[in-house]
Amino acid sequence: RPILTMLISYTIACGAIALTALAPVFWLAVVSWTFYGMGFSVGNAQLFTLLATIVPNQIQGRTISLLTTMMGVVGPLGLLIAGPLGETIGVRGVFIWGGVLSAAVCFLWLFVPAVHKLEHTTITMMKSSRATNDKTPNT
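Count the sequence shown with our numbering and you get residues 1 to 139, in order.
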């Protein structure tokens, strides 16, 4: 279940950001940040596997370029928001609220019917791709 795994992984990663900000001691922040890293690693692996499965080969490069460009553009926009917000509620507050809200959004995506339909379609495509690869003779 790649989409379910991706959303749960991202939920854990975003929650770990909030927990890092709440950590009273450094070692606990390191443990929390480790969960962040593992969550995003698993989530990104699932995301790019889904892209490779769903997007036709001819446009995969353009699709991944567009995705990474959008992620690059969002970073500075986030800083434009986080800077003044950090002055208002504090840096720790930005990490707490950012982590909690991001985790909530990821978690709520689990209840969107279109996501479950996409999950079913993706699993079907992955199974058919495996069956095709199994029939291809090795050279």
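Think of the CB as a built atom: it goes at the ideal place given N, C-alpha and C, for glycine as much as any other residue. All values reported here derive from a predicted model rather than from experimental measurement.
- Using a Cβ distance threshold of 8 Å, G99 and G15 count as a contacting pair.
- Exclusion of the five residues before and after S32 leaves A16, L19, T20 and A23 as the residues of its chain whose Cβ lies within less than 7 Å of its Cβ.
- Annotation: the continuous alpha helix (DSSP H) that includes L47 extends over F26 to I54.
- Boundaries of the alpha helix (DSSP H) harbouring Q60: Q60 to I89, taken from the DSSP string.
- In the three-state reduction of the DSSP assignment, A13 falls in the helix class, which pools H, G and I.
- Taking C-beta atoms as the reference points, A13 and Y36 count as a pair closer than 8 Å.
- Non-local beta-carbon contacts of I96 in its own chain, meaning distances under 7 Å to residues more than five positions away in sequence, involve A18, A21 and L22 in chain order.
- DSSP places R1 outside both helix and strand once states are collapsed to three, so it counts as coil.
- Judged by their CB atoms, L7 and C106 are nearer to each other than the 8 Å cut-off.
- Apart from sequence neighbours up to five positions away, the residues of its chain that approach Q60 with a beta-carbon distance below 8 Å are L51 and A52, ordered along the chain.
- Check the Cα spacing between R1 and each of S41, G90 and Q46: the tightest is with Q46.
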